[in-house]
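Chains as they are written, first to last, in the working numbering: chain A, 305 to 572; chain B, 69 to 256.
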């Protein structure tokens, strides 16, 4: 027999849960942002602690190592400068050809760097939180990437932080292209029954698909969220599904999200 | 006033621990990278609350702890509250039948609580019509979550009992010896 106090507490919590479940989405996001804001001092403290640790580590690095790093960075900088010049020339040529064909002009994307401050507290979502918000111009649906490739898109945005929905989450579908074959498909979610968090399913490939392991996967630009040409990963294997109606492949993501500390948000 | 403060010290301590625990769950990458799943500290805390406190504290911990968890997650707001409450009330209801002073009993109760909370949360999320990542690979994560929760439960008892002992002064125990009632015996 349950005591009256138990029943009252269950009733109050059920009522509260019902109210929260039926809130309009925008109101729920604002309440979440409000509660999440309570954690901001702790996130700030953690970031400050990390900075102190990083500066402590930097202080102990010997001068010889620093000089070697500097020489490497200079050499890399030279190479990148040459590549940037080549890229700019290709861009100018592309714009000239577009003008000749009467195609719409493409505007370049801007990048803002952000620090990862938290990851999802639940195991059944793939999201993380970054320290850029509406005050930095972030809005929902912007592509987020790291050096190795695309990792996801922005979700709910608050004044100072944004949620990033990672590739593999059911709420982040990416239209992609296999570069070697030109076949298009959609990245749906995590592969079933595997322990590798970098494997995702590529679906909607044609029935007679010729994708092979090792072929590279890029964003196709379809869908309007992600610009074309961002690296995503490589094909691991493929299989025929739906009684041979279409092909599905597994893709190993280029970016290891578990080690990601800094990301870049693309602004149109 | 002082009495109220002392009585509420344990509740305050539990809520503060839940707040810091949820923050660590989101911000501390080491256990997540090591085990493949985030550590969930709320079920062990709920086991402690169910054994040591009353229904009000259990409800507060479930409500606030659940909201803290959902605020730093893609969960719909409020889904983590009810599983915590159900588990807390169930343990509180049968607390006198459980050998709560033994570490292995705490481990078993913590294991069951840590296994039940994610399953119940997932059930509510699916009832709300949301698609999640939970598939066959989740079974492994669920086992790890249950085991780590079980291991963290005796540890949380040890830590919180120690902290509560410092916050809440123990009552003065009067000795049973009274000199006016001493029986003086003669030779026979």
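Quick reminder that beta carbons are idealized off the backbone N, C-alpha and C, glycines included. Computed from a predicted model, the values in this text were never measured in an experiment.
Open item on the list: Would you say the beta carbon of residue 363(A) is closer than 8 Å to some non-hydrogen atom of the ligand HEM?
Closed with: The ligand HEM is absent from the structure shown, which contains no ligand whatsoever.
Task: Supposed close pair residue 159(B), residue 185(B) - CB separation, criterion 8 Å - done: Position 91 of the second chain, counted from the first residue, corresponds to residue 159(B). Position 117 of the second chain, counted from the first residue, corresponds to residue 185(B). The Cβ separation is near 12 Å, so there is no contact.
Open item on the list: I need the boundaries of the beta strand (DSSP E) containing residue 457(A), first residue and last residue.
Closed with: Stepping through the first chain from its first residue, residue 457(A) is reached at position 153. Residue 457(A) -> beta strand (DSSP E) spans 453–461.
- [ ] Could you list which residues in chain A have their beta carbon closer than 8 Å to that of residue 200(B), in chain order?
- [x] Sequence index remark: in the second chain, residue 200(B) carries index 132 (1-based). Those are 428, 429 and 474, listed as they occur along chain A.
Open item on the list: Let's test the definition: count the other Cβ atoms within 10 Å of the Cβ of residue 457(A) and tell me whether it reaches 16, buried, or not, exposed.
Closed with: Along the first chain, one-based indexing puts residue 457(A) at 153. Classification of residue 457(A): buried, given that the 10 Å Cβ count is 16 or more.
Open item on the list: Need the endpoints of the alpha helix (DSSP H) that residue 479(A) sits in, please.
Closed with: Taking the first residue of the first chain as position 1, residue 479(A) is located at position 175. Segment 478–482 is the beta strand (DSSP E) holding residue 479(A); no alpha helix (DSSP H) there.
Task: is_contact[residue 562(A), chain B] using C-beta, thresh 9 Å - done: Start at 1 with the first residue of the first chain, and residue 562(A) comes out as number 258. For residue 562(A), the answer is yes, since a Cβ of chain B falls inside 9 Å of its Cβ.
Open item on the list: With H, G and I counted as helix, E and B as strand and the rest as coil, what does DSSP make of residue 522(A)?
Closed with: Position 218 of the first chain holds residue 522(A). In the structure shown, residue 522(A) sits in a strand (DSSP, three-state: E or B).
Task: Straight-line Cα distance separating residue 332(A) from residue 536(A) - done: Along the first chain, one-based indexing puts residue 536(A) at 232. Along the first chain, one-based indexing puts residue 332(A) at 28. Each residue's alpha carbon lies about 32 Å from the other.
Open item on the list: Can you check whether the C-beta of residue 124(B) is within less than 9 Å of a C-beta belonging to chain A?
Closed with: In the second chain, the residue the question calls residue 124(B) occupies position 56. By this cut-off, residue 124(B) is an interface position.
TODO: State the DSSP-derived secondary structure class of residue 412(A), mapped to helix, strand or coil.
DONE: To locate residue 412(A), count along the first chain from 1; it is residue 108. Three-state result, residue 412(A): coil.
Open item on the list: What are the residues in the segment 369–388 of chain A lying within 7 Å of chain B by C-beta distance?
Closed with: none
Task: C-beta neighbour in chain A for residue 99(B), strict 9 Å - done: Sequence index remark: in the second chain, residue 99(B) carries index 31 (1-based). Not an interface residue.
Task: chain A contact residues for residue 139(B), given Cβ-Cβ distances below 7 Å - done: Residue 139(B) sits at position 71 when you count from the first residue of the second chain. Result: 336, 339 and 340.
Task: Simplified DSSP state of residue 172(B), which is helix, strand or coil - done: If you number the second chain from 1, residue 172(B) lands on position 104. The answer is helix: DSSP assigns residue 172(B) an H, G or I state.
- [ ] Say whether chain B places a C-beta atom closer than 9 Å to the C-beta of residue 318(A).
- [x] Start at 1 with the first residue of the first chain, and residue 318(A) comes out as number 14. It does: the Cβ of residue 318(A) has a partner Cβ on chain B nearer than 9 Å.
Task: Proximity test, Cβ basis, 9 Å: residue 217(B) and chain A - done: Within the second chain, the letter at position 149 stands for residue 217(B). No, residue 217(B) does not count as interfacial toward chain A.
TODO: Identify which residue in 355(A), 491(A) and 307(A) has its Cα closest to the Cα of residue 471(A).
DONE: What you label residue 471(A) is simply residue 167 of the first chain in a count that begins at 1. For residue 471(A), the nearest C-alpha among the options comes from 491(A).
Open item on the list: Against chain B, with Cβ distances strictly below 9 Å, would residue 425(A) count as a contact?
Closed with: Counted from its first residue, the first chain places residue 425(A) at position 121. It does: the Cβ of residue 425(A) has a partner Cβ on chain B nearer than 9 Å.
Open item on the list: From the DSSP secondary-structure annotation, give me the bridge partner or partners of residue 489(A).
Closed with: Here the question's residue 489(A) lines up with position 185 in the first chain. According to DSSP, which records beta bridges pairwise, residue 489(A) is partnered with 480(A).
Task: Short CB-CB distance (under 9 Å) between residue 177(B) and chain A - done: Against the second chain, residue 177(B) aligns to sequence position 109. Cβ-Cβ to chain A under 9 Å: no for residue 177(B).
Open item on the list: Mapping the DSSP letters down to three states, classify residue 362(A) as helix, strand or coil.
Closed with: Within the first chain, residue 362(A) is the residue found at index 58, counting from 1. Helix, per DSSP.
- [ ] Output the boundary residues of the beta strand (DSSP E) element that contains residue 434(A).
- [x] Taking the first chain and counting its residues from 1, the one referred to as residue 434(A) is at position 130. Segment 431–434, the beta strand (DSSP E) holding residue 434(A).
Task: Runs of beta strand (DSSP E) wholly within the segment 516–569 of chain A (minimum 3 residues, chain order) - done: 520–523, 535–545 and 550–557
Task: For residue 511(A) and residue 547(A), the rounded distance between their alpha carbons - done: The residue you call residue 547(A) lines up with position 243 of the first chain. The residue you call residue 511(A) lines up with position 207 of the first chain. So the two alpha carbons sit approximately 10 Å from each other.
Open item on the list: Looking only at its chain, what residues have a beta carbon closer than 7 Å to the beta carbon of residue 561(A), apart from the 5 residues adjacent to it on each side?
Closed with: In the first chain, residue 561(A) corresponds to position 257, counting from 1. If we look at residue 561(A) and ignore the five residues flanking it on each side, its Cβ neighbours are 455 and 470.
Task: Three-state class that DSSP yields for residue 255(B) in the structure shown - done: Against the second chain, residue 255(B) aligns to sequence position 187. Residue 255(B) falls in the coil class under three-state DSSP.
TODO: Please classify residue 423(A): does DSSP put it in a helix, a strand, or coil?
DONE: Along the first chain, read from residue 1 onward, the residue named residue 423(A) stands at position 119. Correct three-state label for residue 423(A): strand.
Task: Three-state secondary structure assigned by DSSP to residue 468(A) - done: Here the question's residue 468(A) lines up with position 164 in the first chain. Three-state DSSP puts residue 468(A) in a strand.
Open item on the list: Among 445(A), 451(A), 316(A) and 403(A), whose alpha-carbon lies nearest the alpha-carbon of residue 477(A)?
Closed with: Start at 1 with the first residue of the first chain, and residue 477(A) comes out as number 173. Among 445(A), 451(A), 316(A) and 403(A), the Cα nearest to that of residue 477(A) belongs to 445(A).
TODO: Could you name the residues of chain B that residue 467(A) contacts, counting a contact when the two beta carbons are closer than 8 Å?
DONE: Numbered from its first residue, the first chain carries residue 467(A) at position 163. 142, listed in chain order.
- [ ] Take residue 525(A) and list the residues in its own chain whose beta-carbon comes closer than 7 Å to its own, dropping the five residues that flank it on each side.
- [x] Numbered from 1 along the first chain, position 221 holds the residue referred to as residue 525(A). Excluding residues within five positions, the ones whose Cβ falls inside 7 Å are 531 and 532.
Task: Between the CA atoms of residue 194(B) and residue 205(B) - distance to the nearest angstrom - done: To locate residue 205(B), count along the second chain from 1; it is residue 137. To locate residue 194(B), count along the second chain from 1; it is residue 126. Cα-Cα distance, rounded: 17 Å.
Task: Cβ pair count under 8 Å reaching 3, the segment 551–570 of chain A against the segment 87–94 of chain B - done: no
Task: Contact list for residue 190(B) against chain A, beta-carbon separation under 8 Å - done: Along the second chain, one-based indexing puts residue 190(B) at 122. Here the neighbours are 428.
- [ ] Whole angstroms is fine: what's the gap from residue 400(A)'s alpha carbon to residue 386(A)'s?
- [x] As a first step, residue 400(A) must be located in the first chain, where it is residue number 96. As a first step, residue 386(A) must be located in the first chain, where it is residue number 82. Their Cα atoms are separated by approximately 21 Å.
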